[in-house]
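S.K.:
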Amino acid sequence: MSGGADSLKTIFLALGANFAIFVAKAFAAFLTGSGAMLAEAVHSLADCGNQGLLLFGMKDAKAPASPDHPLGRGKAIYFWSFLVALLLFSVGGAFSIYEGLHKLQAPEPLAWPGVAIGVLAFGIVAEGFSMAGCLREVNKARGDRSLWRWFRESRQSELIVVFGEDLAALLGLVFALAAVLLTMATGNPLFDAIGTLAIGVLLVVVAVFIAIEVKALLIGQGVDPAAKAEIEGFLVARPEIARLFNLVTLQLGEDVMVAIKAEMRGGLDARGLVDAINAVEHDMKARFSQIRWSFFEPDVSD
């Protein structure tokens, strides 16, 4: 049901790109004194830490079920994804806005602007490479849905976070490059401050959208509508089931729990009813590999 998207590959790709970009940006910010460049350096460093948190969250989510967590710890990835959204908002967005306001009050001329342009161009290429890799995995999961619909319906919080981070990083680099070029062309350092503010606002907006989506998963959300419709279609088509009354699903990280209330075909004794339910659950889990837990409430027709 995840469409085969490899979140781990996407995270490592983003981590490598962001670390290389951070080193280049930090060096350029030191040489040029650009607020936009400094904001971008902090943003890239925060992204490296964010990807580290996502990797830890994915490992935490794979812990086995226990008496305290009978359905496993799959939802742990949602907590870490939400934490990443908060860090993107505060460390990335809020810091950039603060730096932009500071530059507005005390603008400083750029030094070595050519270095800034070179680093930003390198960053755009590296971030574009990371974004392309992320989009390849997203396209595996979204099928024929638009990117916006996939973003709203996806249950892979770590992929949502990396997609949002990569998009914000790529646009932020473009904003920073535009700010540096305008500052060079006009000699007015206010453009650098405005670029820094624009980057901060961008990060805050992206972080809020990510937080909204992850919050829904953290509270408790079913599988995406297309996947639920597919499960319903499978159950309705089963010869053992006369009528499907209700299907409740819950996304638990990579795993899914389903609860089914259905009317079974008549003429079955107790043993036959148990065998029919077992057959449905066995074939359902074989068809939908993410379903780890199933609870079946049967009713027998006359």
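Heads up: the sequence shown at position 253 corresponds to 371 in my numbering, and the numbers run straight through without jumps.
All C-beta atoms, glycine included, are put in the ideal place defined by N, C-alpha and C.
Could you round the C-beta distance between Ile378 and Leu353 to whole angstroms and report it? I think they count as a contact, below 8 Å.
M.R.: Here residue 378 corresponds to residue number 260 of the sequence shown, with the count starting at 1. Here residue 353 corresponds to residue number 235 of the sequence shown, with the count starting at 1. Contact flag correct, Cβ pair sits at about 7 Å.
S.K.: Go ahead and label Leu413 buried or exposed: buried means 16 or more other beta carbons lie within 10 angstroms of its beta carbon, across all protein chains shown.
M.R.: Within the sequence shown, residue 413 is the residue found at index 295, counting from 1. Per the sequence shown, the amino acid found at residue 413 is Phe instead of Leu. Under this definition Phe413 is an exposed residue.
S.K.: If you count every other CB in all the chains shown that lies within 10 Å of the CB of Val326, and 16 or more means buried, which is it?
M.R.: Your numbering for residue 326 matches position 208 in the sequence shown. Flag for Val326 reads exposed.
S.K.: Could you tell me whether any non-hydrogen atom of the ligand GTP is closer than 7 Å to the CB of Trp230?
M.R.: For the structure depicted, the ligand GTP is absent and the ligand set is empty, with no information on it obtainable.
S.K.: Could you check if Gln223 is buried or exposed, using at least 16 other CB atoms within 10 Å of its CB as the buried criterion?
M.R.: Residue 223 sits at position 105 when you count from the first residue of the sequence shown. Under this definition Gln223 is an exposed residue.
S.K.: Could you check what DSSP says for Asn364 in three-state terms: helix, strand or coil?
M.R.: As a first step, residue 364 must be located in the sequence shown, where it is residue number 246. Strand.
S.K.: Which ranges would you report for the alpha helix (DSSP H) in the stretch 222–272 if only whole runs of at least 4 residues count?
M.R.: 231–260 and 265–271
S.K.: Taking the alpha carbon of Gly282 as the reference point, which residue from Phe207, Val237 and Leu368 has its own alpha carbon closest?
M.R.: Here residue 282 corresponds to residue number 164 of the sequence shown, with the count starting at 1. With distances taken between Cα atoms, Gly282 lies closest to Phe207.
S.K.: Any chance the stretch 209–225 sits against the stretch 396–408, with 3 or more Cβ pairs inside 8 Å?
M.R.: no
S.K.: Identify whether Ala123 lies in helix, strand or coil by the three-state DSSP scheme.
M.R.: As a first step, residue 123 must be located in the sequence shown, where it is residue number 5. Ala123: coil per DSSP, three-state reduction.
S.K.: In chain order, what residues of the same chain lie with their CB nearer than 6 Å to the CB of Phe309, ignoring the 5 residues before and after it?
M.R.: Reading the sequence shown from its first residue, position 191 is the one you call residue 309. Around Phe309: Ala297, Leu300 and Thr301.
S.K.: How would you write the range of the alpha helix (DSSP H) that Glu350 sits in, first residue to last?
M.R.: Position 232 of the sequence shown, counted from the start, is the residue given in the question as residue 350. Start and end: Pro343 to Val354.
S.K.: Alpha carbon to alpha carbon, what distance is there between Pro225 and Met249?
M.R.: As a working note, residue 249 is residue 131 in the sequence shown. As a working note, residue 225 is residue 107 in the sequence shown. Cα-Cα distance, rounded: 33 Å.
S.K.: I believe Ile278 touches Ile328 by the beta-carbon criterion, under 8 Å. Please report the beta-carbon distance rounded to the nearest angstrom.
M.R.: Taking the sequence shown and counting its residues from 1, one reaches residue 278 at position 160. Taking the sequence shown and counting its residues from 1, one reaches residue 328 at position 210. 6 Å between Cβ atoms; contact.
S.K.: Could you check whether the Cβ of Leu206 sits closer than 8 Å to any Cβ belonging to chain C?
M.R.: Of the protein chains in the structure, only one exists, and it is not chain C.
S.K.: With distances taken Cα to Cα, identify the nearest neighbour of Gly167 among Pro343, Val209 and Gly390.
M.R.: On the sequence shown, residue 167 is found 49 positions in, with the first residue counted as 1. It is Val209.
S.K.: Could you give the DSSP three-state label for Asp417: helix, strand or coil?
M.R.: Within the sequence shown, the letter at position 299 stands for residue 417. Here Asp417 sits in strand by DSSP.
S.K.: Going by DSSP in three states, Leu386 sits in which element: helix, strand or coil?
M.R.: Your numbering for residue 386 matches position 268 in the sequence shown. DSSP places Leu386 in coil when its eight states are reduced to three.
S.K.: Where does Ser184 sit, in a helix, a strand or coil, going by DSSP?
M.R.: The residue labelled residue 184 in the question sits at position 66 within the sequence shown. Ser184: coil per DSSP, three-state reduction.
S.K.: Assuming contact is defined by CB atoms lying nearer than 8 Å, are Ala179 and Ala194 in contact in what I supplied?
M.R.: Taking the sequence shown and counting its residues from 1, one reaches residue 179 at position 61. Taking the sequence shown and counting its residues from 1, one reaches residue 194 at position 76. Their beta carbons are under 8 Å apart, which means Ala179 touches Ala194 by this criterion.
S.K.: Going straight from the alpha carbon of Ala144 to that of Phe200, what length do you get?
M.R.: Translated into the one-based positions of the sequence shown, residue 144 becomes position 26. Translated into the one-based positions of the sequence shown, residue 200 becomes position 82. One alpha carbon belongs to Ala144, the other to Phe200, and they sit about 27 Å apart.
S.K.: Report yes if the CB atom of Ala147 is closer than 8 Å to the CB atom of Met155, and no otherwise.
M.R.: As a first step, residue 147 must be located in the sequence shown, where it is residue number 29. As a first step, residue 155 must be located in the sequence shown, where it is residue number 37. Their beta carbons are under 8 Å apart, which means Ala147 touches Met155 by this criterion.
S.K.: Report the three-state DSSP secondary structure of Lys379 (helix, strand or coil).
M.R.: Against the sequence shown, residue 379 aligns to sequence position 261. Three-state DSSP puts Lys379 in a strand.
S.K.: Taking the C-alpha atoms as reference points, what is the distance between Ile349 and Leu365?
M.R.: Position 231 of the sequence shown holds residue 349. Position 247 of the sequence shown holds residue 365. If I take the Cα positions, the gap works out to 9 Å.
S.K.: With DSSP as the reference, label Leu189 as helix, strand or coil.
M.R.: Within the sequence shown, numbered from 1, the residue matching residue 189 stands at position 71. Residue state, collapsed to three classes: coil.
S.K.: What's the gap between the Cα of Ser272 and the Cα of Asn306?
M.R.: In the sequence shown, residue 272 corresponds to position 154, counting from 1. In the sequence shown, residue 306 corresponds to position 188, counting from 1. One C-alpha to the other measures close to 44 Å.
S.K.: Between Glu255 and Lys127, which are expected to be in contact by the criterion C-beta below 8 Å, what is the C-beta distance as a whole number of angstroms?
M.R.: The residue labelled residue 255 in the question sits at position 137 within the sequence shown. The residue labelled residue 127 in the question sits at position 9 within the sequence shown. That belief holds up - the Cβ atoms of Glu255 and Lys127 are roughly 7 Å apart, short of 8 Å.
S.K.: Which stretch, first to last residue, makes up the alpha helix (DSSP H) that contains Glu283?
M.R.: In the sequence shown, residue 283 corresponds to position 165, counting from 1. Run containing Glu283: Ser275 to Thr304, per the alpha helix (DSSP H) assignment.
S.K.: Thinking C-beta only, is Ile317 closer than 8 Å to Ile294?
M.R.: By 1-based counting over the sequence shown, the position of residue 294 is 176. By 1-based counting over the sequence shown, the position of residue 317 is 199. The amino acid occupying residue 294 in the given sequence is Ala; Ile does not appear at that position. Contact flag set, yes.
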